[in-house]
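Take a look at the structure set out below.
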Amino acid sequence: RKVIFSGIQPTGVPHLGNYLGALREWKRLQDEADPATTDLFFCIVDLHALTIPRPGKELKAARDEMLAALLALGIDPGKSTLYFQSDVKEHAELMWILACTSSVGYLSRMTQWKSKLQLADTASLTDPEARASLKLGLFSYPVLQAADILLHRATHVPVGDDQRQHLEFARECVTNFNHAYCTPADPAKGGGGGGGGGGGGPSRAMREAAMVPPEMILPSRGAAKRIMSLTAPDKKMSKSDPAPRSRILLTDDAATIRRKIRGAVTDGLGPASYDPVGRPGVANLVHMVAALDPRGRDPATLMKEEGLEGCQLADLKEFVSDKVSEELTPIRERFESYMSMPWDIKIEIEKSTEVAQKSAARNMRLYKEAMGLC
Ligand code: ATP
Ligand code: MG
Numbered sequence: 063r064k065v066i067f068s069g070i071q072p073t074g075v076p077h078l079g080n081y082l083g084a085l086r087e088w089k090r091l092q093d094e095a096d097p098a099t100t101d102l103f104f105c106i107v108d109l110h111a112l113t114i115p116r117p118g119k120e121l122k123a124a125r126d127e128m129l130a131a132l133l134a135l136g137i138d139p140g141k142s143t144l145y146f147q148s149d150v151k152e153h154a155e156l157m158w159i160l161a162c163t164s165s166v167g168y169l170s171r172m173t174q175w176k177s178k179l180q181l182a183d184t185a186s187l188t189d190p191e192a193r194a195s196l197k198l199g200l201f202s203y204p205v206l207q208a209a210d211i212l213l214h215r216a217t218h219v220p221v222g223d224d225q226r227q228h229l230e231f232a233r234e235c236v237t238n239f240n241h242a243y244c245t246p247a248d249p250a251k252g253g254g255g256g257g258g259g260g261g262g263g264p265s266r267a268m269r270e271a272a273m274v275p276p277e278m279i280l281p282s283r284g285a286a287k288r289i290m291s292l293t294a295p296d297k298k299m300s301k302s303d304p305a306p307r308s309r310i311l312l313t314d315d316a317a318t319i320r321r322k323i324r325g326a327v328t329d330g331l332g333p334a335s336y337d338p339v340g341r342p343g344v345a346n347l348v349h350m351v352a353a354l355d356p357r358g359r360d361p362a363t364l365m366k367e368e369g370l371e372g373c374q375l376a377d378l379k380e381f382v383s384d385k386v387s388e389e390l391t392p393i394r395e396r397f398e399s400y401m402s403m404p405w406d407i408k409i410e411i412e413k414s415t416e417v418a419q420k421s422a423a424r425n426m427r428l429y430k431e432a433m434g435l436c
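In full-length UniProt numbering, the protein residues as written are 63 to 436.
And the structure:
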């Protein structure tokens with residue numbers, strides 16, 4: 063079977079980058095999936111959000127907002143298994159198991175925890191005091207992410223380009239787990255292997271538990287894979303960026319979208335042209351409309367055919383604002399109606415949560431059998 067898994071942190075209302083890089087792909091995969099051969103799991107990864115601590119009330123509100131946003135953009139709990147990570151305890155359990163075969167060296171080389179530390183000066187990472195204050199949860203976050211993916215035995219993971227390293231790490235976890243628990247012991251060396259393999263080939267338990275390396279699915283539109291910040295086009299657009307003007311929220315109204323795009327950092331290099339290296343701020347705006355283009359034209363063609371090549375940057379910004387608003391308006395309207403429902407929005411995913419719990423329990427049993435834990 064094809065098993066699709068992806069997650070998003072409830073660290074704020076999703077932005078245009080999340081939408082183009084991941085969430086719109088979730089919806090497309092959901093709508094194209096044949097239920098006879100494909101399972102889809104979409105998870106609001108609230109345990110990950112704890113790596114940047116904040117008051118419980120705020121996290122609760124952010125979880126509800128994220129759920130409302132996913133429902134509003136068309137993730138349908140009748141077709142996709144949509145749930146909160148903290149409602150399925152096996153995510154944390156599998157993380158521990160994977161942590162026991164993950165190397166600290168590999169994790170140290172990963173870049174995302176470094177950027178999340180928000181140490182403007184990376185030299186301070188070598189400062190022993192700064193390093194000592196690094197929280198274990200933030201450092202080991204890729205292990206939890208690998209557990210998320212491997213818990214449902216995902217074969218495909220639709221994510222934005224920033225997740226490349228994390229996917230590679232999840233594949234590394236597969237190799238480590240299979241080596242430790244699904245490979246028969248070498249009688250010459252003694253030890254190694256698990257699950258009572260004895261001599262000869264792998265046991266039934268080992269064969270059933272053996273993990274499959276997941277594949278990354280990047281957005282089908284190349285322009286969508288990394289949308290950059292409106293205030294700093296060398297950084298990706300992020301929910302956790304302290305500058306609210308750096309991102310367009312799925313819930314922004316047309317006037318707000320226009321204001322943010324008018325204020326987007328570009329350059330003083332004259333009329334519009336498409337040059338991702340020399341003019342990253344301008345290219346980022348063009349990428350937004352290319353990603354939304356119903357005809358799927360590449361950025362350069364779209365610019366020529368829409369008369370944007372050589373136009374004033376102010377006119378390009380108006381064009382981009384209109385296209386973005388057109389896409390987001392219906393999502394915002396549905397979001398508002400979910401947020402004003404008189405009952406707890408979690409009711410929408412009660413059944414879905416049970417499906418996720420059953421899948422997790424079934425796979426965890428396979429893993430534990432191979433490991434000799436049951
Ligand atoms: P945070 O700053 O809290 O990490 P985020 O904006 O990076 O928030 P995540 O919840 O970490 O969002 O990621 C959710 C999904 O959105 C992932 O698949 C990620 O690859 C994708 N994504 C995040 N930012 C962008 C972006 N700027 N462009 C394209 N895809 C993105
Ligand atoms: Mg992120």
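For every residue, glycine included, the Cβ atom is placed at its ideal position computed from N, Cα and C. Predicted model, so just to flag it, every value in this text is computed and none were measured.
- Put simply, of Lys119, Asp223, Tyr203, Ile106 the residue whose alpha carbon is nearest the alpha carbon of Leu133 is Ile106.
- Bounds of the alpha helix (DSSP H) holding Met350 are 342-354.
- Beta bridge pairing from DSSP links Ser68 with Phe104.
- Fully enclosed alpha helix (DSSP H) runs of no fewer than 4 residues occupy 226-243 of the region 204-246, in order along the chain.
- Short note on Ser421: C-beta not closer than 7 Å to any heavy atom of the ligand MG.
- For Glu277, the three-state secondary structure derived from DSSP is strand.
- Boundaries for Leu144: no alpha helix (DSSP H) harbours it, while the beta strand (DSSP E) harbouring it runs 143-146, taken from the DSSP string.
- Here Asp303 is buried, its C-beta having at least 16 other C-beta atoms within 10 Å.
- Shortest Cα-Cα distance from Gly222 to any of Asn80, Tyr429, Val166 involves Asn80.
- Excluding the 5 residues flanking it on each side, Ala418 has same chain C-beta neighbours closer than 8 Å at Phe103, Cys105, Thr143, Tyr145, Asp149, Val150, His214, in chain order.
- Ranked by how close their Cα comes to the Cα of Gly262, the residues Asp248, Ala161, Thr293 have Asp248 in first place.
- In the three-state scheme derived from DSSP, where H, G and I count as helix and E and B as strand, Leu135 is classed as coil.
- Here Met290 is bridged, per DSSP, to Lys298.
- By the Cβ test, the region 394-412 is in contact with the region 116-136, since at least three Cβ pairs between them sit closer than 8 Å.
- Relative to the ligand MG, the beta carbon of Ser300 is positioned inside 7 Å of a heavy atom.
- Annotated three-state conformation of Leu311 is strand, per DSSP.
- Contact between the region 314-332 and the region 106-123 is absent: fewer than 3 CB-CB pairs across the two stretches fall below 8 Å.
- In the DSSP annotation of this structure, the continuous segment of the alpha helix (DSSP H) that includes Tyr400 starts and ends at 375-401.
- Counting only the Cα atoms, Leu370 lies some 30 Å from Lys89.
- Per DSSP, the continuous alpha helix (DSSP H) segment holding Met157 begins and ends at 152-161.
- In this structure, Thr363 and Val327 do not form a Cβ contact; the two beta carbons are roughly 25 Å apart against a cut-off of 8 Å.
- Taking the C-beta atoms as reference points, Val219 is found nearer than 8 Å to Pro276.
- Taking the Cα of Ile310 as reference, the smallest distance to any Cα among Ser291, Asp296, Lys297 is reached at Ser291.
- Shown here for Gln92: same chain residues with a beta carbon closer than 6 Å to its own, the five before and five after excluded, namely Leu102, Lys141, Ser142 in chain order.
- Less than 8 Å separates the beta-carbon of Cys244 from that of Met268.
- Apart from sequence neighbours up to five positions away, the residues of its chain that approach Arg283 with a beta-carbon distance below 6 Å are Ala353, ordered along the chain.
- When the alpha-carbon of Ile211 is set against those of Leu196, Leu390, Arg171, Met157, the nearest one is in Met157.
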